[in-house]
Amino acid sequence: MDHTQQFIYLYNLIIQMFILAYVMVMVEKKKTTTKVYMLMVLSIIVLTVLEATSWLVLDKPGQVFKTLSVTVITLVYSLNALPMILGFTFFDYHVVGSDKVVKRRRFLYMVIWTMLICLNVSNLWSHFVFTVDEFNVYSRGFGMYLNVGIQYAVLLTYVSGTVKYLRSVSGRIIRMFLMFTFFPMLGSLIQVLYYGVPGIWPMYGLLMLFIFIFMIREDMRNDSLTLLYSRGQFDERLHSKLRHDKPFTIALIDLDEFKAVNDSFGHNEGDELLRTFARLLEDSVRKVDMVSRVGGDEFTLIIESESSAVGVQVLERIANNVKEFNETSTKSYKLEYSLGFQFVERPKDENLLELIGVIDERMYEQKNRHHACKEHK
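Residue numbering for the sequence shown is 9 to 385, as defined by the numbering used here.
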């Protein structure tokens, strides 16, 4: 292994280890997507170390080095598809709306990976994927190209099956998805065409850096209690929406009698109520919609649809989910809320403060009606 290879492997390792350590230490409440991302980074660290080790032990004489070479290269080939499969899972959570689809896909990924592992482990007696001769010299076999071809086919199949979901996600996720498609494929192509040039893991490392900058660090701005978007993120999105012509629905939601729950049952119960309501909101919207906690018991929705009917449907789902929760809950209080909403047909014509003022007034009108109903009872 020459100095250039050493530098590339070392540079990639330092970046990935820094990212992994930073996320582990700085992100207190890790979402599922963050955990999958950490596994991706860890798999790239392991594969970078294994591939660098293979270059260090190859061509060295002796049975020990030959056995070590075969073992390490077999591990590299067997784990080769793991970052790609974890990447599929990562983007499934961000892009695909159905949990059933995500679980079904995850099972399919594991079947594919198991098949690739079997192919590569069988090389120990078939020598179909690669060979290491008596002088500890490595040679590619047809199985190596088959390996690469299968992974390209799986990646392209995944992309073609996921494109239909991209119209309902934000631009930063689409950009990262395109990089996920392009970077690993380019890296592996370089490594296949130019033997000895480290390609795939540095490219994956670059991808992890971009995802960290544009997605993971953005998630770190989320509300720490509910893991929803924060007030700052909501303000940024709303300002952006009002600069464009695409219609949307916005809603402001306030929990009723939240102070009474805090006073009667304690702040821990109040926090649990906020987390429960946050989950109900997230379960009611689509991946493209934005749910934010903007204050103590105040939440906002941005519903991404040019149809006012879709916004109404989302709000009806929230009402149904809250009703179902109250019917099955063993709590001695009811989860109740008030909301105001507006379908914004011409965003560029709207004044931000006036828009929020109108929706806020509608919300408090509903809250007053709720109070009046309780007093009447």
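Where a beta carbon is used, it is the ideal one built from N, C-alpha and C, also for glycine.
**OP:** Measuring alpha carbon to alpha carbon, tell me which of Val140, Leu174, Gln199, Thr284 ends up nearest Gln71.
**Re:** Val140
Subject >> Sequence-distant residues of its chain with Cβ nearer than 6 Å to Arg370 (five each side left out) >> reply: Gly348
Original post:
Excluding five sequence neighbours on each side, which residues of the same chain lie with their C-beta closer than 8 Å to the C-beta of Asp357?
Top reply: none
**OP:** Can you give me the Cβ contacts of Arg229 inside the same chain, cut-off strictly under 7 Å, excluding the 5 residues immediately before and after it?
**Re:** Ser238, Gly240, Gln241
**OP:** Output yes or no for whether 8 Å exceeds the beta carbon distance between Met34 and Gly95.
**Re:** no
Subject >> Distance, Val57 Cα to Leu21 Cα >> reply: 8 Å
Subject >> Three-state secondary structure (DSSP) of Ser272 >> reply: helix
Original post:
In chain order, what residues of the same chain lie with their CB nearer than 7 Å to the CB of Ile198, ignoring the 5 residues before and after it?
Top reply: Val205, Gly207
Subject >> Per DSSP, cross-strand counterpart(s) of Ser147 >> reply: Thr139
**OP:** Counting only the same chain and skipping the five closest in sequence on each side, list residues whose C-beta sits under 8 Å from that of Leu132.
**Re:** Val78, Thr82
Subject >> Arg301 - partner residues in DSSP beta bridges >> reply: Phe307
Subject >> Residue range of the beta strand (DSSP E) that includes Ser346 >> reply: 345-352
**OP:** Taking 8 Å as the cut-off, decide whether the C-beta atoms of Asn128 and Ser86 are in contact.
**Re:** yes
Original post:
To which residues of the same chain is Val145 closer than 8 Å at the C-beta, ignoring the five residues directly before and after it?
Top reply: Leu66, Asp67
Original post:
So, helix, strand or coil for Thr41, using DSSP?
Top reply: helix
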